[in-house]
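Just so we're aligned: the sequence shown equals residues -17 to -1, 1 to 321 in mature numbering (1 follows the signal peptide of the UniProt record, and there is no 0).
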Amino acid sequence: MSTWFLLSLCALTCCCGRRNGALSCPDTCTCHFSSSDTTVVCSEASLSQFPSDGLPGNTTSLSIQSTNLSTITANHLQATPLLKELQLYYNNLSTLPSHLLRAVPHLHTLDLTGNHLHFLPPYVFSHAPLHNLVLKNNLISGVDADWLPDNSNLTWLDLSGNRLTAVPTALFQKLRHLKNLDLSHNHLEKLLAGALNPLSSLERLNLEGNQLSALDPSAFRNTPNLTHLFLQENQLERLPPTLLQGLHRLDFLFLNFNRLGHISNTLLEQLSSPRTSNRLWVAFSQNPWVCDKKVEDLWRWLQKNQKKAFLADDIRCASPESLKERSVMSLTDSELGL
């Protein structure tokens, strides 16, 4: 068989492949083909329409990022029935249609970070077996339980950087498999008793940067699998003594940048219990600790568990004036009135 014939056959095969859309690619995008996956990345700032023309029908990953795209519909996604990952971050989307995902039955990851989404209709995320849903840095002020199907497979939900004032408890009823929940940098003021009860599989909970001033003693009673708990940058003034009861798998607890003046010995004992993770790290710094006799419990805990305290030397007194800015660990018996 001649070399010329082989080259001609190869050219014909490539031509037919492009004609059938297998190796085609939109003009404003970059496509990467492999034997098992096709990845399409569209990042032209001038892009304002969904890149339907030339989109490979076997696309498994589609990323449209930092463009002027303002509309996406279920009809657009009919062109990619094998899609598994859809990344639509930092575009100009302000809303999405109901039943958006009806044409992508294999989609497991949807990232909508950095758009202008404020209202989303019911059933918007139905039909696809989503495992990861990222709605970070939008304008969302309310969550509808009907966004998701009753049998949701979500394991990761990121609602950080929005305008939520209440924890979406109705939605949690559908999230039995959820392992990672990020509600940081919203406007949450309360975490109601029982709000997290359906989330028994939860491993990471991020409530950083909200306006929480108190927590119910039973807030984490039904989340025994928590390994990471982020409570920093809130307005917490006190913690219930039994708050961490049952959290034996906890590896990281962040309480820095709150308004804590004292902490109970009961809670501290839970952090040093033999059943508690040996890898546990706790952040107590940047709180206005009152260094009177009541700080003795924290002082003694730090002496015994210095390695568990992140930046232990930065846990400092805010009052009385005579001890202001002193490291709690450095205090003497006489200074504590012992």
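Just so it is clear, CB atoms sit at the ideal spot from N, CA and C, and this is done for glycine as well.
Going by beta carbons, L113 and L93 fall inside the 8 Å limit. Sequence-distant partners of A28 (beyond 5 residues in either direction) whose C-beta falls short of 8 Å from its own C-beta, in its chain, are S49, T50 and N51.
Per DSSP, N261 lies in no alpha helix (DSSP H) and is assigned neither H nor E. For the options S19, S77 and D165, the alpha carbon positioned closest to that of L66 is the one of S19.
One Cα belongs to L122, the other to N145, and the distance between them is close to 5 Å. Two segments are said to touch when three or more pairs of C-beta atoms, one from each, lie closer than 8 Å; by this definition the region 264 to 282 touches the region 290 to 307. For T152, there is no enclosing beta strand (DSSP E); the residue is part of the alpha helix (DSSP H) that begins and ends at T152 to F155. Nearest Cα to W130 within the set T148, L158, K119 and N120: L158. In the three-state scheme derived from DSSP, where H, G and I count as helix and E and B as strand, A301 is classed as strand. Between the region 256 to 265 and the region 233 to 244, the count of Cβ pairs shorter than 8 Å is three or higher; the stretches touch. When DSSP states are grouped into helix, strand and coil, S77 belongs to the coil group. With a contact defined as Cβ atoms closer than 8 Å, V117 and D141 qualify at about 4 Å. Taking each of G192, A128, H170 and D296 in turn and checking the Cα distance to T152, the smallest one comes out for A128.
With a beta-carbon spacing of about 24 Å, N205 and N241 fall beyond the 8 Å limit used to define contacts. With contacts defined by Cβ atoms closer than 8 Å, L185 and L209 form a contacting pair. Note that the C-beta distance between L76 and L100 is below 8 Å. The C-beta distance from L250 to L212 rounds to 13 Å, too long to meet the 8 Å contact threshold. A residue is called buried once 16 or more other Cβ atoms fall within 10 Å of its Cβ, and P200, having fewer, is exposed. Setting aside the 5 residues that flank it on each side, K307 is surrounded in the same chain by C300 and A301, each with a C-beta closer than 7 Å to its C-beta; the list follows chain order. Only residues of its own chain outside the window of five on either side were considered, and among them L65, L66 and K67 have a CB closer than 7 Å to the CB of H89, listed in chain order. P257 is not a Cβ neighbour of G229, given a cutoff of 8 Å. Inclusion of L161 and L182 in the CB contact set at 8 Å is warranted, their separation being smaller than that value.
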